[in-house]
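Asks:
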Amino acid sequence: MAAFRAAAARAASARLRPAAQQAHIAPMELDFTEAELHRYSRHILLKEVGATGQARLRAARVLVVGAGGLGSPLALYLAAAGVGTIGLVDGDALELSNLQRQVAHATRRIGRNKAESAAETLRALNPEVAVEVHPLRLDAEAAQELIPRYDIVCDGTDNFATRFLLGDACHLLARPLVSAAVLRFEGQLSVFAGHDGVHPCHRCLHPEPPPPGLVPTCSEAGVLGAVTGVMGTLQATEVLKLVLGIGEPLKGRLLLWDALDARFRTVRLRRDPACALCGPGATIRDLSAHRDAAGPVCSAA
Ligand SMILES: [Zn+2]
48 MAAFRAAAAR AASARLRPAA QQAHIAPMEL DFTEAELHRY SRHILLKEVG
98 ATGQARLRAA RVLVVGAGGL GSPLALYLAA AGVGTIGLVD GDALELSNLQ
148 RQVAHATRRI GRNKAESAAE TLRALNPEVA VEVHPLRLDA EAAQELIPRY
198 DIVCDGTDNF ATRFLLGDAC HLLARPLVSA AVLRFEGQLS VFAGHDGVHP
248 CHRCLHPEPP PPGLVPTCSE AGVLGAVTGV MGTLQATEVL KLVLGIGEPL
298 KGRLLLWDAL DARFRTVRLR RDPACALCGP GATIRDLSAH RDAAGPVCSA
348 A
């Protein structure tokens, strides 16, 4: 606790310092209440986070698409971490079969909209954060309207139509996309940020969606519930790293996890010069291809 008191004292003195000494951040942004200092004490103890990092988390706006198996742990950890504004998108109603892995919900809320149900849990966990509920199926129009209002977007959906819509929209609107996927006993994760001109976009990895029916979904092939928990938590960790500007984000890399083998591996992803989205001869310049093609949006896995 001594170390925490010292860190809290540093945070408190930062509040009193004139703005000129902390040009990168406005003084009011470090103005934490005693309750906030206490709540986030284990973050503030970390020199890589500290009071400044905690203020960055509070100022961050993160959009979570899909309040399901991935979105549940993801949004829970973002809320617990003090990410100031969390947007939740989900148009589905909670079903009994969701509860084996979608831990942000509750049995008594079956039938409720999943974004609303998850928001209730997040607010109970941390009333300091604002949760914006978008109880809708993400289509091109909604993507265009919502994505610019957030700093980072997370894909926790379970169908290729929405995954490709999100990938294209985030690239065109210049937002990093933290994308995870799960099936059976396996998960994968990457951060797509092709708009920076350096890293690959999602279409460098998957130029086109697979033909319908070729790749099964979790509702067809099943998934071990805890696998979604791990991947959603890894997704949350990547979001926190991006907000805090620490570590090596998974840009240009794909993390693969086989739960049965208990093995993680990372493969490097390259930017594809012939990519239709980020290449020099890019042909995808807007979301018009998605306008008539919006599929059902089921939330993760
Ligand atoms: Zn690309």
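Note that our numbering has the sequence shown beginning at 48, numbered continuously upward.
Just so you know, even glycine gets a beta-carbon here, dropped at the ideal spot from N, CA and C.
Owing to the predicted nature of the structure, the values given are computational and were not obtained by experimental measurement.
#1: By DSSP, does residue 74 sit in helix, in strand, or in coil?
#2: Residues in its own chain within less than 6 Å of residue 187 by CB, not counting five upstream and five downstream?
#3: CA-CA distance, residue 165 and residue 156?
#4: Are the CB atoms of residue 141 and residue 238 nearer to each other than 8 Å?
#5: Judging by CA-CA distance, which residue of 324, 274, 293, 229 is the nearest neighbour of residue 253?
#6: Quick one: grab the DSSP three-state call for residue 129.
#7: Within 10 angstroms of the Cβ of residue 262, are there 16 or more other Cβ atoms? Answer buried if so, exposed if not.
#8: Consult DSSP for residue 211 and reduce its assignment to one of helix, strand or coil.
#9: Please write down, chain order preserved, every residue whose beta carbon lies under 7 Å from a heavy atom of ligand 1.
#10: Which same chain residues end up closer than 7 Å to residue 103 when comparing Cβ atoms and leaving out the 5 residues on each side of it in sequence?
#11: Is the region 169-185 in contact with the region 121-139, if contact means three or more CB pairs nearer than 8 Å?
#12: Name the two residues that bound the continuous beta strand (DSSP E) containing residue 201.
#13: As a quick exercise: from 105, 130, 328, 97, pick the residue whose alpha carbon is nearest that of residue 111.
#14: Confirm, please, whether the CB-CB distance from residue 279 to residue 172 is below 8 Å.
#15: Can you tell me where the alpha helix (DSSP H) with residue 290 in it begins and where it stops?
#16: Under the three-state reduction of DSSP, which class applies to residue 346: helix, strand or coil?
#17: Of the choices 316, 213, 144, whose alpha-carbon is the least far from that of residue 269?
#18: Which partner residues does residue 205 have in the DSSP bridge list?
#19: Which runs of the beta strand (DSSP E) spanning at least 3 residues fall entirely within the region 94-151, listed in chain order?
#20: How is residue 295 classed by DSSP in three states: helix, strand or coil?
#21: Which class does residue 305 belong to by DSSP, given the choice of helix, strand or coil?
#22: Using CA coordinates, which residue listed in 83, 159, 99 is at the minimum distance from residue 127?
#23: Would you kindly work out how many angstroms separate the C-alpha atoms of residue 163 and residue 215, rounded to a whole number?
#24: Report the partner residues of residue 313 according to the DSSP bridge assignment.
#25: Should residue 94 go down as buried or exposed, given a rule of 16 or more other Cβ atoms within 10 Å for buried?
Replies: Inspection of the coordinates gives the following:
#1: Note that residue 74 has pLDDT 43, beneath the 50 cutoff, so the model's placement of it is unreliable and the number below is only indicative. In the structure shown, residue 74 sits in a helix (DSSP, three-state: H, G or I).
#2: 334, 337, 338
#3: 10 Å
#4: no
#5: 324
#6: coil
#7: exposed
#8: helix
#9: 241, 247, 248, 250, 251, 318, 319, 322, 324, 325, 326
#10: 290, 291
#11: yes
#12: 199-202
#13: 130
#14: no
#15: 272-291
#16: Since pLDDT at residue 346 reaches only 43, below the 50 mark, its modelled position is unreliable, and the value read off the structure follows with that caveat. Strand.
#17: 144
#18: Residue 205 is not bridged to any residue.
#19: 108-112, 132-136
#20: coil
#21: strand
#22: 83
#23: 26 Å
#24: 302
#25: exposed
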